[in-house]
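Colleague: Going by the numbering used here, the sequence shown opens with residue 239, and the numbers climb by one from there. Backbone N, C-alpha and C define an ideal beta-carbon position, used for all residues, glycine too. After the structure tokens below, expect a handful of questions from me.
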Amino acid sequence: MKVNVIYDQTINKGQGLSTEQMDAFKKEQLAKAQKEFGTSNIQLQVTETYGRYDVGKDGVTPVITGLRSDSLNLVVSNGTPTNTAGVSYLDPSTRDPVSIVNINDAVSTNLFYPLVTNTTEHELVHQFLGDPYSQRVEGLWGNVQAFIREGVIDTVVKGQSLGISQGSLRQGLEPRRYAVPLNPEANKPKQ
239 MKVNVIYDQT
249 INKGQGLSTE
259 QMDAFKKEQL
269 AKAQKEFGTS
279 NIQLQVTETY
289 GRYDVGKDGV
299 TPVITGLRSD
309 SLNLVVSNGT
319 PTNTAGVSYL
329 DPSTRDPVSI
339 VNINDAVSTN
349 LFYPLVTNTT
359 EHELVHQFLG
369 DPYSQRVEGL
379 WGNVQAFIRE
389 GVIDTVVKGQ
399 SLGISQGSLR
409 QGLEPRRYAV
419 PLNPEANKPK
429 Q
């Protein structure tokens, strides 16, 4: 499973993440996600790069530099378009999968389940289950569906943290271009 971590160079007055922020993200978010997704037989193959998270002319749409089309892109910044700890979507211009984690609001524990779980794991589960590819329903019913979905996501994250493999993640990953195929034969070169 390819994950391209993009460190936002626009934060901290253009200095990017501090060494302390980067170390905290790697320890509290990334290493924890790598360990716990291993429970579900998902290995995160992480690459790291520097990029930018800017806001488009409409004042809302994220404009991200550093995206890779062969990976799930995980942006580490100090905000998200929804002002939440994390958000996952498809880039509107490239259709590349993107998750943004707000380093200042990211939760590193699953102790507050079912209200909140580890932010990076939570956003990756949204991607693995294909949520950004789904059509969102608007209005009250859409809000109810989103609330229920958040509970499902947190249950998956909590299950992994307890050592329970989450087979639904592997099934959700199967059609994604950034995932290693379930069938080892599919990895062999074609003649």
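Rounding to the nearest angstrom, what Cα-Cα distance links residue 306 and residue 260 in this structure?
Modeller: Each residue's Cα considered, the two are about 20 Å apart.
Colleague: Leaving aside the five residues before and after residue 329 along the sequence, list all residues of the same chain whose C-beta is less than 7 Å from its C-beta, in chain order.
Modeller: Closer than 7 Å at the Cβ level, and outside the excluded window around residue 329, lie 302, 305, 336.
Colleague: Are the region 278-298 and the region 370-377 touching, with three or more C-beta to C-beta distances below 8 Å?
Modeller: Contact between the region 278-298 and the region 370-377 is absent, because fewer than three Cβ pairs lie under 8 Å.
Colleague: Apply the 10 Å Cβ neighbour rule to residue 416 and answer buried if 16 or more other Cβ atoms are within range, or exposed otherwise.
Modeller: Burial call: buried.
Colleague: With which residues is residue 431 paired in a DSSP beta bridge?
Modeller: Not covered by the structure: residue 431. The range shown for the chain is 239 to 429.
Colleague: Closest to residue 239 by CA distance: which of 278, 248, 251, 246 is it?
Modeller: The shortest C-alpha separation from residue 239 is found at 278.
Colleague: Use the C-beta contact count for residue 348: other C-beta atoms within 10 angstroms, 16 or more gives buried, fewer gives exposed.
Modeller: Buried.
Colleague: State the beta-bridge partners of residue 335 as determined by DSSP.
Modeller: Bridge partners of residue 335: 328.
Colleague: According to DSSP, is residue 426 helix, strand or coil?
Modeller: The predicted position of residue 426 is uncertain, since its pLDDT is 46 and thus under 50; a value taken from the coordinates is nonetheless stated next. Here residue 426 sits in coil by DSSP.
Colleague: Going straight from the alpha carbon of residue 268 to that of residue 280, what length do you get?
Modeller: Whole-angstrom Cα-Cα distance: 14 Å.
Colleague: Three or more C-beta pairs closer than 8 Å, one from the region 386-406 and one from the region 249-260: is that the case here?
Modeller: Output reads no: the region 249-260 does not touch the region 386-406.
Colleague: Provide the residue span of the alpha helix (DSSP H) that contains residue 390, from first to last.
Modeller: Start and end: 377-399.
Colleague: Between which two residues does the beta strand (DSSP E) carrying residue 301 extend?
Modeller: Element bounds for residue 301: 300-303.
Colleague: As a quick exercise: from 311, 297, 312, pick the residue whose alpha carbon is nearest that of residue 320.
Modeller: Per the Cα distances, 297.
Colleague: Can you list, in chain order, the residues of its chain whose CB lies under 6 Å from that of residue 242, leaving out five sequence neighbours each side?
Modeller: Hits under 6 Å: 285, 306, 309, 311.
Colleague: Determine the contact status of residue 363 and residue 339, defining contact as a CB-CB distance below 8 Å.
Modeller: Contact: no.
Colleague: Excluding the 5 residues flanking residue 396 on each side, which residues of the same chain have their C-beta closer than 7 Å to its C-beta?
Modeller: Contacts found: 348, 351, 355.
Colleague: Please report the Cβ distance between residue 341 and residue 263, rounded to the nearest whole angstrom; I am assuming they are in contact, meaning their Cβ atoms lie under 8 Å.
Modeller: Going by Cβ atoms, the distance from residue 341 to residue 263 rounds to 6 Å, so yes, they are a contact pair.
Colleague: Could you tell me if residue 249 is buried or exposed, where buried requires 16 or more neighbouring beta carbons within 10 angstroms of its beta carbon?
Modeller: The residue is buried, with at least 16 neighbouring Cβ atoms inside 10 Å.
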